[in-house]
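Below: one structure, written as structure tokens.
Numbering (mature numbering (1 follows the signal peptide of the UniProt record, and there is no 0)), first residue to last: -27 to -1, 1 to 217.
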């Protein structure tokens, strides 16, 4: 075998090993998409409502406004399968918020004021304690109220930052609050849509100016690895309710 041929084979082997190493590293460390740069709201847009959204100390801070309907700060891009992790803190014992997943906007809804609709992961500091439950905003209502998973109701810590994990993979949506498995829904409706952060409308007895804080927002869209979900927690399978 000639020296030239040996060198060619050697370089081919090195290239192959390099590509295998890079591929394995990529598979073990899925790409995290920066949907929030920590400084601006670039890549986001407000849909409905007049609540304010500002960037403060690397966080998105939403503030309630009297007389406003539900407000949503939505990603300009739409997403299909993803794993979203973020931290949320909310002021006010009667306040409410949520994270919209694979959602949509009807510009003609609500008599032309616009309507955001889709599955929402609840942020609920009230005595009901349904944070991490799954609600279908402006459409079907509650899909996974936390009376289906009583053990998870204590997972959310009011007045502190709470870690929320949301898996939207295929027809399944799963949630965790501070590492506690919370809700599991199987649903063929909406396989793609935007992500949005909600500031809820407030009742007359609420104080305007209550804030919702969102930080450490991390979105994975490639090489997704679902987290184990306990088999003893109820699954809501909406496929079984669909007409054949």
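C-beta atoms are modelled at their ideal positions from N, C-alpha and C, and glycine is treated no differently.
For clarity, every value in this text was computed on a predicted model and none was experimentally measured.
Per DSSP, the beta bridge partners of residue 46 are 19 and 170.
Residue 165 and residue 51 have their C-alpha atoms spaced approximately 6 Å apart. In the structure shown, residue 188 adopts extended strand secondary structure according to DSSP, grouped into three states. Rounded to whole angstroms, the gap between the alpha carbons of residue 68 and residue 32 is 19 Å. In the structure shown, residue 126 adopts helical secondary structure according to DSSP, grouped into three states. Around the CB of residue 92, 16 or more other CB atoms lie within 10 Å, so the residue is classed as buried. DSSP places residue 119 in the helix class (H, G or I) of the three-state scheme. One thing to note: residue 106 has its Cβ within 8 Å of the Cβ of residue 95. According to the DSSP assignment, residue 136 belongs to the beta strand (DSSP E) that extends over 135 to 142. In terms of Cβ geometry, residue 37 and residue 182 form a close pair [threshold 8 Å]. The alpha-carbon of residue 83 is positioned some 22 Å away from that of residue 116. Across the set 130, 157, 133 and 98, the C-alpha of 157 shows the shortest separation from the C-alpha of residue 141. A direct Cα-to-Cα measurement between residue 194 and residue 57 gives close to 9 Å. Around the Cβ of residue 110, a 10 Å sphere holds 16 or more other Cβ atoms; the residue is buried. With contacts defined by Cβ atoms closer than 8 Å, residue 159 and residue 121 do not form a contacting pair.
For residue 42, same chain residues with a beta-carbon under 8 Å away, outside a window of 5 residues either side, are 21, 22, 83, 86 and 174 in chain order.
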